[in-house]
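Peer 1: Here it is: the structure, laid out below.
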Amino acid sequence: MTTAAFAALLVAAFAAVIDWWAVATDRRRVEYAAKPAVLVALTAAALFLEPADAGIRLFFVIGLCFGLLGDVLLMVDRFIPGAAAFLVGHLAYIGGLLLAVMHATGLLAGTLVFLVTAAAVGRPIVIHADRRSRKLGVIVTAYLAVMGGVLVLGFGSAVPAAVAGVSLFAASDALLAWGRFVGPAPGGRTLVHMTYHTAQGLLVLSLLQL
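First residue of the sequence shown: 572, per the working numbering; consecutive thereafter.
Right, dumping it as structure tokens:
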């Protein structure tokens, strides 16, 4: 890892801790500055490091950029546009992971994890979203399917950082959606942010091995 990439990761970690503190203590102004700063720093880290595959890095940088856009849209309470931005970001991650070497055992494990998670957590979320509006139900279902693709391919890569990253990303999305559509989620917004930022950081680190 280059010195510049390491420095960018340190900045991202510092901004993330500040953001988690701001969310936990309801300091919205601090959150609105710190949360985007995390993704900016992680994007810089991805650009500065020496990846195992430059093509995968390109897709991941696109994913990070759309994650940043989604963050901003969610902060101003634009849920559907924000979800759309994250959906595009997940598609970019899928594009990058498709360039990685896949392992059958990992793909099988990822598929099983997705099916169990979709049945236990995804189904109630889709049902409650659909009750609000059919359009919202379709959007949430599509998002769930795309997130499933990220999860399965991340496991299929057999790269520990990628496996942990996609797992935490799925957990973050599930917590966010559960809190919005079903009821209070464990850990509230703070846990959503913690799992999300850690997931993005791990995906950046996975570029060293993918």
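Yeah, the Cβ is synthetic: ideal placement off N, Cα and C, and Gly gets one too.
1. For Asp590, is the classification buried or exposed, using 16 other Cβ atoms within 10 angstroms of its Cβ as the cut-off for buried?
2. Nearest to Val737 by alpha carbon, out of Leu762, Thr766 and Ala748?
3. Assign Lys706 to buried or exposed, taking buried as 16 or more other Cβ atoms, counted over all protein chains shown, within 10 Å of its Cβ.
4. Between Gly681 and Gly725, is the Cβ-Cβ spacing less than 8 Å?
5. Assuming Ala617 contacts Leu635 under a Cβ cut-off of 8 Å, what Cβ separation, rounded to an integer in Å, is found between them?
6. On a Cα-Cα basis, can you pick out the residue from Gly667, Gly653, Leu683 and Gly754 that is closest to Ile710?
7. Thinking C-alpha only, which one of Val730, Thr614 and Val594 is nearest Val582?
8. According to the Cβ coordinates, are Glu621 and Thr573 closer than 8 Å?
Peer 2: According to the data block:
1. buried
2. Thr766
3. exposed
4. yes
5. 6 Å
6. Gly653
7. Thr614
8. yes
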